[in-house]
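First comes the structure, then the notes that go with it.
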Amino acid sequence: MSANTVTPPQPQASSISESLNTKQMRRILASSFIGSAIEFYDFILYAMAASIVFNQVFFANVSPAVGLFMSFGTLAVGYVARPLGGAIFGHFGDRIGRKTVLIVSMTLMGAGTTLIGLLPTTAQIGMAAPILLVVLRLVQGLAVGGEWGGAMLVALEHAPAKRRGFAASFANMGGPAGAVLATLTVSAFSTLPEEAFMSWGWRIPFLLSLVLIAVGLVIRLKVAETPLFLELEATAEKKKIPFVEVVTKYPKNLVLGVLAGMSSYTVQGLMTVWAVSYIIEAGVDTTSVLNIKAVGATLTIVAIWFASRLSDKYGRKPVMLAGMIAGAVLAYPILWLLQTDTLWGFAIGLFLANGIIQGVIFGPFGAFVAELFPTRMRYTGASLTYQSSSTLGAGFTPMIASGLVLIAGGELWLVGLVWLLSFVVAAVCVLATKEGKNMDLSGEMK
435 MSANTVTPPQ PQASSISESL NTKQMRRILA SSFIGSAIEF YDFILYAMAA SIVFNQVFFA
495 NVSPAVGLFM SFGTLAVGYV ARPLGGAIFG HFGDRIGRKT VLIVSMTLMG AGTTLIGLLP
555 TTAQIGMAAP ILLVVLRLVQ GLAVGGEWGG AMLVALEHAP AKRRGFAASF ANMGGPAGAV
615 LATLTVSAFS TLPEEAFMSW GWRIPFLLSL VLIAVGLVIR LKVAETPLFL ELEATAEKKK
675 IPFVEVVTKY PKNLVLGVLA GMSSYTVQGL MTVWAVSYII EAGVDTTSVL NIKAVGATLT
735 IVAIWFASRL SDKYGRKPVM LAGMIAGAVL AYPILWLLQT DTLWGFAIGL FLANGIIQGV
795 IFGPFGAFVA ELFPTRMRYT GASLTYQSSS TLGAGFTPMI ASGLVLIAGG ELWLVGLVWL
855 LSFVVAAVCV LATKEGKNMD LSGEMK
């Protein structure tokens with residue numbers, strides 16, 4: 435090589451850390467947690483409003499039961515958009531990098547949530563209000579569809595192999611943390627006189643999203659691209675279309691991952707959305723219910739923390755299966771607690787369902803789905819798996835549960851049957867996958 439030859443600059447990758455306790459890794463884990471928390475604050479905030487506000491603000495011209503059903507329908511729209519968001523953002527995340535896509539998804543989420551807070555009611559602009567509400571919910575769904583996969587991968591692809599489960603769980607812990615923040619914020623404003631809350635008080639939590647998004651963007655901009663992606667940057671492999679590769683080369687992994695993840699999301703949809711409206715309609719104080727829900731989400735974070743660490747020691751499958759067995763066994767006892775129509779019954783049921791069952795399954799789930807796909811399609815594959823499981827498990831569950839209660843004449847036994855079956859199917863799917871704890875993520879998945 436001549437002295438005048440200029441070597442083109444190569445992407446600078448930070449090496450994979452040997453520890454999670456370094457300045458870089460602490461920043462990465464904080465970004466994963468906080469970014470995910472902010473995005474899910476926005477997304478879950480809508481679920482709260484759908485449970486207690488939107489049926490009176492945007493669907494006030496129908497009966498309360500129909501209004502609630504329609505309100506849950508708009509909630510489901512956001513969940514339907516999540517797999518599409520996962521495919522779109524996953525494509526670009528696998529092609530141009532995890533970091534850039536995460537910044538775009540966060541900005542989109544902030545814009546959609548803020549506009550919901552400014553949306554006129556049906557009484558003010560007629561049917562345009564619920565139509566615009568659905569459009570903005572679609573925006574939320576697309577944005578959160580791209581968030582989780584990127585936030586999880588930024589942590590996992592920087593982490594040492596023996597700590598991948600724990601590192602990936604920071605994105606999972608961000609979800610319930612966002613739920614806690616959203617629930618406490620709505621709870622605080624629900625203490626306003628009912629007329630004030632329904633006219634303007636419910637809007638303030640949506641508008642606060644602007645502040646949270648600004649904080650999240652500042653943190654996210656300081657995080658480096660992942661070493662595994664930068665390793666891939668110079669190869670021709672990533673020139674292929676990630677979505678096509680996922681559905682043609684790894685359809686089994688995709689389907690098994692989706693069905694496995696549905697179990698924890700079925701519980702989430704039932705207990706944090708449908709059960710909230712159920713118990714409030716039974717006459718339990720709204721603010722007290724929301725405060726209990728916040729405690730439940732906090733317990734979920736704790737369970738995720740411990741379950742993810744156990745998955746690094748014993749494997750993803752044993753830990754997730756333990757949560758699924760508990761979910762199947764406790765389905766009917768939890769619904770019985772709910773039927774007591776008391777705050778204490780709701781609290782115990784919620785703590786068992788979301789504080790333990792969901793947390794134990796969800797703790798290893800980030801690493802579990804990431805280890806199903808190779809680097810060149812990991813953002814797309816993990817996002818499609820996660821978001822599809824959330825759509826099928828949580829997106830339609832409140833609507834389905836409301837319908838099953840009507841069919842059963844007010845009884846909950848059909849709801850319990852759906853709950854039980856979802857956990858049985860999930861356990862079978864987990865058993866059919868390969869353990870990924872010791873897998874080399876830089877190679878092709880076998």
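Numbering (the working numbering), first residue to last: 435 to 880. Every residue gets a Cβ at the ideal spot worked out from N, C-alpha and C, and that includes glycine.
(request) Would you identify the three-state DSSP class for residue 873, choosing helix, strand or coil? (result) Within the sequence shown, the letter at position 439 stands for residue 873. Note: residue 873 maps to coil in three-state DSSP.
(request) Label residue 516 either buried or exposed according to how many other C-beta atoms from any shown protein chain fall within 10 Å of its C-beta, with 16 as the threshold for buried. (result) Looking up residue 516 in the sequence shown gives position 82. By the neighbour-count criterion, in which 16 or more other beta carbons inside 10 Å mark a residue as buried, residue 516 falls on the buried side.
(message) Does the contact criterion of 3 or more C-beta pairs under 8 Å hold for the segment 454 to 472 versus the segment 618 to 625?
(response) Taking 8 Å as the limit for Cβ pairs, the verdict is that the segment 618 to 625 does not touch the segment 454 to 472.
(message) Quick check: the Cα distance between residue 614 and residue 728, rounded to an integer number of angstroms?
(response) Working through the sequence shown from its first residue, we reach residue 614 at position 180. Working through the sequence shown from its first residue, we reach residue 728 at position 294. Spanning the two alpha carbons is a distance of roughly 5 Å.
(message) To the nearest angstrom, how far is the alpha carbon of residue 554 from that of residue 643?
(response) One-based indexing of the sequence shown puts residue 554 at position 120. One-based indexing of the sequence shown puts residue 643 at position 209. Rounded to the nearest angstrom, the gap between the Cα atoms of residue 554 and residue 643 is 18 Å.
(message) Using a 10 Å radius around the Cβ and a threshold of 16 neighbouring Cβ atoms, would you call residue 558 buried or exposed?
(response) Sequence index remark: in the sequence shown, residue 558 carries index 124 (1-based). The residue is exposed, with fewer than 16 neighbouring Cβ atoms inside 10 Å.
(request) Look at residue 572 and residue 487 and say whether their C-beta atoms are less than 7 Å apart. (result) Numbered from 1 along the sequence shown, position 138 holds the residue referred to as residue 572. Numbered from 1 along the sequence shown, position 53 holds the residue referred to as residue 487. No Cβ-Cβ contact shorter than 7 Å links residue 572 with residue 487.
(message) Can you tell me whether residue 798 is helix, strand or coil according to DSSP?
(response) For the purposes of this step, residue 798 is identified with residue 364 of the sequence shown, where counting begins at 1. In this structure, residue 798 counts as helix in the three-state DSSP scheme.
(message) Taking the alpha carbon of residue 533 as the reference point, which residue from 513, 567, 583 and 724 has its own alpha carbon closest?
(response) Counting from 1 along the sequence shown, the entry for residue 533 is found at position 99. Here the closest residue by C-alpha is 583.
(message) Within 10 Å of its beta-carbon, does residue 479 have 16 or more other beta-carbons around it, so buried, or fewer, so exposed?
(response) Here residue 479 corresponds to residue number 45 of the sequence shown, with the count starting at 1. The residue in question, residue 479, is buried, as its Cβ has 16 or more Cβ neighbours within 10 Å.
(request) Tell whether a beta-carbon distance below 7 Å holds between residue 723 and residue 710. (result) As a position in the sequence shown, residue 723 is number 289, starting the count at 1. As a position in the sequence shown, residue 710 is number 276, starting the count at 1. Against a cut-off of 7 Å, the Cβ pair of residue 710 and residue 723 comes out as a contact.
(request) State the start and end residues of the unbroken alpha helix (DSSP H) segment that holds residue 490. (result) Counting from 1 along the sequence shown, the entry for residue 490 is found at position 56. Segment 488 to 491, the alpha helix (DSSP H) holding residue 490.
(request) Assign residue 860 to buried or exposed, taking buried as 16 or more other Cβ atoms, counted over all protein chains shown, within 10 Å of its Cβ. (result) Position 426 of the sequence shown, counted from the first residue, corresponds to residue 860. Answer is buried; the Cβ neighbour count reaches 16.
(message) What ranges does the alpha helix (DSSP H) occupy inside the segment 755 to 792, keeping only unbroken runs of at least 4 residues that lie completely in it?
(response) Taking only runs of at least 4 residues, the alpha helix (DSSP H) segments lying wholly in the segment 755 to 792 are 777 to 784.
(request) Determine the extent of the alpha helix (DSSP H) in which residue 847 is found, giving its start and end residues. (result) Your numbering for residue 847 matches position 413 in the sequence shown. For residue 847, the enclosing alpha helix (DSSP H) begins and ends at 847 to 865.
(message) Helix, strand or coil for residue 868? Go by DSSP, reduced to three states.
(response) Translated into positions along the sequence shown, residue 868 becomes position 434. Three-state DSSP puts residue 868 in coil, outside helix and strand.
(request) Note down, one range per segment and in chain order, each alpha helix (DSSP H) of at least 4 residues found wholly within the segment 615 to 648. (result) Qualifying alpha helix (DSSP H) stretches, in chain order: 637 to 641.
(request) Count the other C-beta atoms from every protein chain shown that fall within 10 angstroms of the C-beta of residue 847, then say buried if there are 16 or more, exposed otherwise. (result) Along the sequence shown, read from residue 1 onward, the residue named residue 847 stands at position 413. Using a 10 angstroms sphere on the CB of residue 847, the tally of other CB atoms stays under 16, which defines it as exposed.
(request) Could you check if residue 746 is buried or exposed, using at least 16 other CB atoms within 10 Å of its CB as the buried criterion? (result) The count along the sequence shown starts at 1 and reaches residue 746 at position 312. Around the Cβ of residue 746, a 10 Å sphere holds 16 or more other Cβ atoms; the residue is buried.
(request) Please determine, among 677, 481 and 697, the residue with the shortest C-alpha to C-alpha distance to residue 799. (result) Here residue 799 refers to the residue found at position 365 when the sequence shown is read from its first residue. Closest by alpha carbon: 697.
(message) Can you confirm whether residue 704, when its beta carbon is compared against all beta carbons of chain C, has any partner nearer than 7 Å?
(response) In summary, chain C is missing from the structure at hand, where a single protein chain is found.
(request) Count the other C-beta atoms from every protein chain shown that fall within 10 angstroms of the C-beta of residue 808, then say buried if there are 16 or more, exposed otherwise. (result) As a position in the sequence shown, residue 808 is number 374, starting the count at 1. By the 10 Å Cβ count, residue 808 comes out buried.
(message) Taking 7 Å as the threshold (C-beta atoms), are residue 585 and residue 469 in contact?
(response) Locating residue 469 in the sequence shown gives position 35, where the first residue counts as 1. Locating residue 585 in the sequence shown gives position 151, where the first residue counts as 1. Yes, these two residues count as a Cβ contact at 7 Å.
(request) State buried or exposed for residue 659, treating a residue as buried only when at least 16 other CB atoms are found within 10 Å of its CB. (result) One-based indexing of the sequence shown puts residue 659 at position 225. Label assigned to residue 659: buried.
(message) Just to confirm, is the Cβ distance from residue 714 to residue 757 under 7 Å?
(response) Against the sequence shown, residue 714 aligns to sequence position 280. Against the sequence shown, residue 757 aligns to sequence position 323. Contact: no.
(request) Note the first and the last residue of the continuous alpha helix (DSSP H) segment covering residue 578. (result) As a working mapping, residue 578 is identified with position 144 in the sequence shown. Boundaries of the alpha helix (DSSP H) around residue 578: 562 to 590.
(request) Tell me the start and end of each unbroken alpha helix (DSSP H) in the segment 685 to 758 that is at least 4 residues and wholly inside, in chain order. (result) Taking only runs of at least 4 residues, the alpha helix (DSSP H) segments lying wholly in the segment 685 to 758 are 685 to 703, 709 to 715 and 720 to 748.
(message) With the cut-off set at 7 Å, would you say residue 551 and residue 474 are in Cβ contact?
(response) One-based indexing of the sequence shown puts residue 551 at position 117. One-based indexing of the sequence shown puts residue 474 at position 40. No, the Cβ-Cβ distance between residue 551 and residue 474 is not below 7 Å.
(message) Please report the straight-line C-alpha distance between residue 678 and residue 717, rounded to a whole angstrom.
(response) Along the sequence shown, read from residue 1 onward, the residue named residue 678 stands at position 244. Along the sequence shown, read from residue 1 onward, the residue named residue 717 stands at position 283. Straight-line Cα distance between these residues: approximately 50 Å.
(message) Excluding the 5 residues flanking residue 749 on each side, which residues of the same chain have their C-beta closer than 7 Å to its C-beta?
(response) What you label residue 749 is simply residue 315 of the sequence shown in a count that begins at 1. Cβ-Cβ distances below 7 Å link residue 749 to 869 and 871 in the same chain, with the five nearest sequence neighbours on each side left out; the list follows chain order.
(message) Which of the three DSSP states is assigned to residue 454 in this structure?
(response) Numbered from 1 along the sequence shown, position 20 holds the residue referred to as residue 454. If DSSP states are grouped into helix, strand and coil, residue 454 belongs with coil.
(request) Check whether the Cβ atoms of residue 602 and residue 801 lie closer than 7 Å to each other. (result) Stepping through the sequence shown from its first residue, residue 602 is reached at position 168. Stepping through the sequence shown from its first residue, residue 801 is reached at position 367. In contact: residue 602 and residue 801 (Cβ atoms closer than 7 Å).
(request) State the start and end residues of the unbroken alpha helix (DSSP H) segment that holds residue 844. (result) The sequence position of residue 844 within the sequence shown is 410, counting from 1. No alpha helix (DSSP H) holds residue 844; DSSP gives it neither H nor E.
(request) With a cut-off of 8 Å on the beta carbons, I'd call residue 608 and residue 540 a contact; round off their distance for me. (result) To locate residue 608, count along the sequence shown from 1; it is residue 174. To locate residue 540, count along the sequence shown from 1; it is residue 106. Taking C-beta atoms under 8 Å as the contact rule, residue 608 and residue 540 fail to qualify, at a distance of about 12 Å.
(message) What would DSSP say about residue 650, mapped onto helix, strand or coil?
(response) Reading the sequence shown from its first residue, position 216 is the one you call residue 650. DSSP places residue 650 in helix when its eight states are reduced to three.
(request) Leaving aside the five residues before and after residue 472 along the sequence, list all residues of the same chain whose C-beta is less than 6 Å from its C-beta, in chain order. (result) Within the sequence shown, numbered from 1, the residue matching residue 472 stands at position 38. Within the same chain, residue 472 has close Cβ partners 646 and 650.
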